[in-house]
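Student: Take a look at this one; I'll ask things after.
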Amino acid sequence: MLYVSLVVSGLLLIAANLAVRGRHPVAGTIGACVIAVVGPAFLMLGLPAVLIQAVLLVAALPVLLVPGRGRRLYVPASVLATLAAYGYTAWSVNERQERLREQFPVESMVDRLPTRSPTGKPSPADPDRLESHEQLIEKETGFLASMRDRTLERLHEDKVGQFVNSYGFGVGRMSGMGDYALRRGQRDGPPVPQPGLGPDRSPPDRWEPVVGSHFDSLHEASVMDFVNPAGFGLVRDRTQVFGFQKHGFSKVPDPADAWKVGTIDLVGLLLHPEPVAYVSANLPRMDELRDAPTRPLDPFEAEGLELLRGGEELFARGSDKRARMLGAVRSTKQCLACHGGDRGDLLGAFSYTLRRGD
């Protein structure tokens, strides 16, 4: 984009200096500036540096009023205007790119994500459910994901390439979409507190198995919100992941068939010798849970985990008004680049307490 901008600026500089030597110097210069700015717009190409240059070239026109020397003085004034336009643009480009590189850094997942499977072998996951989750992730990412990947790659390429290709020197046909895609998936809001509507962790013996599509839909929506496919970033390998947004809940899951979420705890399987549940006053967010306290699994969770390891997706028990549920979080094909292992591995689980609304 820099080269295109420089060519247009050079033509504008020549045109402006020729115009001031004509019969209508002011009108000619203004006309040349308007053409230089509006012309590329018809090609869906905005050139910020050229726009600033055009404004400064017009602002320099009063030097023509200097008796006998005005037209000669306009030459250095126009050159200074062009240099000033590019100096400011280069500064703003560098400032913006440094800010974006800090906001969307390159990270390594090697230490954060062990590649071992918690069971020592792939879990016998339901292939239809896995495929359904993968389709949901693809739907969530889609075209903007590839746009985001290209923007992240450009942001972290070599310094010269960053400067030359920066959108700061020319906003092309898709640049606005690129910026939108880059920020898509970013979650800057505060942690979401646990609703705290559930029963205690030792359900009565009288509770019976509970089933229903509403439990499936609630858990599926929870997993999708937690993993946030739009924030996956660009993965070159496990040591170079660009712009990754840490997994975490952005909201309390919506009620399903009048069942409301009371609490959700993340059951971790990979980072500890034995399965644990992370304890947090907020809904699970990985940036908080890394240093959060843990507790051993309670009897309900321990029983449910064995079933999830055997291939089940949900384990739910309850009464008419209250319930508990353990839902599997499995590795889809989109997870393998960072998590390693095999498609269908059980990476963790969500432990829910639920209450049926009045």
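Residue numbers for the sequence shown follow my numbering, so the first one is 6 and each next one is one higher. Heads up, the beta-carbon is just placed ideally off N, CA and C, and yes, glycines get one too. Please read these numbers as outputs of a predicted model, since none were measured by experiment.
How many whole angstroms separate the CB atoms of serine 113 and arginine 241, which I take to be in contact at a CB cut-off of 8 Å?
Tutor: That belief does not hold up - the Cβ atoms of serine 113 and arginine 241 are roughly 11 Å apart, past 8 Å.
Student: Between the segment 58–77 and the segment 18–33, are three or more C-beta pairs nearer than 8 Å?
Tutor: yes
Student: Could you check which residue in Gly51, Ser356, Leu141 has the C-alpha nearest to that of valine 284?
Tutor: Ser356
Student: Pull up the CB-CB distance for proline 53 and valine 13, whole angstroms please, since I reckon it's below 8 Å.
Tutor: Between valine 13 and proline 53 the Cβ distance is about 11 Å, and since that is not below 8 Å, they are no contact.
Student: Considering proline 301, what are the terminal residues of the beta strand (DSSP E) in which it resides?
Tutor: Counted as a single uninterrupted DSSP element, the beta strand (DSSP E) harbouring proline 301 occupies residues 299–301.
Student: Pick helix, strand or coil for glutamate 279, following the three-state DSSP scheme.
Tutor: The three-state reading of DSSP puts glutamate 279 in coil, since its state is none of H, G, I, E or B.
Student: Does asparagine 22 come out as helix, strand or coil in the three-state DSSP assignment?
Tutor: helix
Student: Per DSSP, what kind of secondary structure is alanine 263 in: helix, strand or coil?
Tutor: Reduced to three states, the DSSP call for alanine 263 is coil.
Student: Output yes or no for whether 7 Å exceeds the beta carbon distance between serine 227 and alanine 261.
Tutor: Contact: no.
Student: Nearest-angstrom Cα distance between glycine 73 and threonine 87?
Tutor: 24 Å
Student: Classify arginine 2: buried if its beta carbon has 16 or more other beta carbons within 10 angstroms, exposed otherwise.
Tutor: Any property of residue 2 remains undetermined from this structure, which presents the chain solely from 6 to 363.
Student: If distances are taken between C-alpha atoms only, which option among Asp131, His344, Gly51, Glu136 comes closest to valine 9?
Tutor: Gly51
Student: Just verifying my parser: in three-state terms, what is the DSSP assignment at aspartate 347?
Tutor: Three-state DSSP puts aspartate 347 in coil, outside helix and strand.
Student: Within this structure, are the beta carbons of leucine 118 and leucine 160 separated by less than 7 Å?
Tutor: no
Student: Where in the segment 49–78 do unbroken runs of the alpha helix (DSSP H), each at least 4 residues long, occur, reported from the N-terminal end onward?
Tutor: 53–64
Student: Secondary structure at valine 284, three-state DSSP: helix, strand or coil?
Tutor: coil
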